[in-house]
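Residue numbers (this note's numbering): 10 to 184.
Don't be surprised by glycine CBs; every beta carbon is placed ideally from N, CA and C.
Data first, discussion second: the structure below is written as structure tokens.
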Amino acid sequence: MKMSPELEKLFNDQITLEFGASMVYRQLAIEMEDNDFPGAAQWLRHQADEEIVHANKFIDHLADRGNHPSIGTISAPKSPGTTMLKVFNAALAHEQKVSAAIRGLVNAAEAEGDLDSRPLLNWFLSEQIEEESTVSEIIGRIQLIGDDGVGLYQLDLELAQRPVATTENTGGSPH
10 MKMSPELEKL
20 FNDQITLEFG
30 ASMVYRQLAI
40 EMEDNDFPGA
50 AQWLRHQADE
60 EIVHANKFID
70 HLADRGNHPS
80 IGTISAPKSP
90 GTTMLKVFNA
100 ALAHEQKVSA
110 AIRGLVNAAE
120 AEGDLDSRPL
130 LNWFLSEQIE
140 EESTVSEIIG
150 RIQLIGDDGV
160 GLYQLDLELA
170 QRPVATTENT
180 GGSPH
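And the structure:
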């Protein structure tokens, strides 16, 4: 069932936001790499790739329903600063922005009675809870460590252990 033009626009806005999120995470990774935190940089690059997977899920959903996926204008991200705390606070702020946008999509789809978007949007609601929780946990650990170099070094090593994934959709979740 094809979406209304209004809902299609909102989904395309989300595609743009997801690709923009990828660019934000890439910039944050650059900041961490520049400050000799390769593990945090790797974690953030992986997060950037995951945002592309998210955009692809929306693209596939629109295309599968006979709508036209489209990427809007993406502005270059700005640097939030160079400390690990500032970088991960910026990551959390962006995840909160994405979460709000997903909730807006849910409300718009429900207002139109668009049941076909429910599985995808429910997946994203759960995903955003996980995303915010994960970044919040990292922030909590950074705050606990403070400026302790050994602690930051250890956290950086742990962040480097994040499994590597692909920017293509993986099975098991709606696309």
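What's the gap between the Cα of residue i and the Cα of residue j?
{"i": "I68", "j": "A102", "result": "24 Å"}
{"i": "T91", "j": "R74", "result": "43 Å"}
{"i": "A169", "j": "P78", "result": "34 Å"}
{"i": "W132", "j": "M32", "result": "22 Å"}
{"i": "H70", "j": "I39", "result": "31 Å"}
{"i": "H63", "j": "G160", "result": "32 Å"}
{"i": "L130", "j": "K87", "result": "29 Å"}
{"i": "N65", "j": "D156", "result": "38 Å"}
{"i": "V3", "j": "E59", "result": "Outside the displayed span of the chain (10 to 184) sits residue 3, for which this structure offers no information."}
{"i": "M41", "j": "Y34", "result": "11 Å"}
{"i": "E27", "j": "G158", "result": "33 Å"}
{"i": "R150", "j": "L53", "result": "16 Å"}
{"i": "I80", "j": "R171", "result": "29 Å"}
{"i": "E167", "j": "S13", "result": "45 Å"}
{"i": "G29", "j": "N44", "result": "23 Å"}
{"i": "N178", "j": "Q152", "result": "Any reading at N178 is ruled out, since the residue's pLDDT is 46, under 50, leaving its predicted position unreliable."}
{"i": "E136", "j": "E119", "result": "19 Å"}
{"i": "D123", "j": "H55", "result": "32 Å"}
From which residue to which residue does the alpha helix (DSSP H) around residue i run?
{"i": "K95", "result": "M93 to A120"}
{"i": "L124", "result": "First-last for L124: undefined, no H or E at that position."}
{"i": "H63", "result": "P47 to D73"}
{"i": "A30", "result": "P14 to D43"}
{"i": "Q170", "result": "It is not in any alpha helix (DSSP H) - Q170 carries neither H nor E in the DSSP assignment."}
Ignore the nearest five residues each way along the sequence and tell me which others in residue i's own chain have a CB closer than 8 Å to its CB.
{"i": "S145", "result": "L101"}
{"i": "I61", "result": "E27, F28, S31 and T176"}
Whose C-beta lies closer than 7 Å to the C-beta of residue i among residues of the same chain, with five residues either side of it excluded?
{"i": "F46", "result": "M93 and D165"}
{"i": "A117", "result": "L16 and L19"}
Going by C-alpha distance, which of the options is nearest residue i?
{"i": "I24", "options": "S13, E40 and A72", "result": "A72"}
{"i": "S108", "options": "R171, A120, L134 and I151", "result": "L134"}
{"i": "K11", "options": "P172, L114 and N76", "result": "N76"}
{"i": "Q105", "options": "R127, S142, E121 and G48", "result": "S142"}
{"i": "S111", "options": "P128, A99 and H55", "result": "Correcting the residue type first, residue 111 is Ile in the shown sequence and not Ser. Comparing Cα positions, the closest option is P128."}
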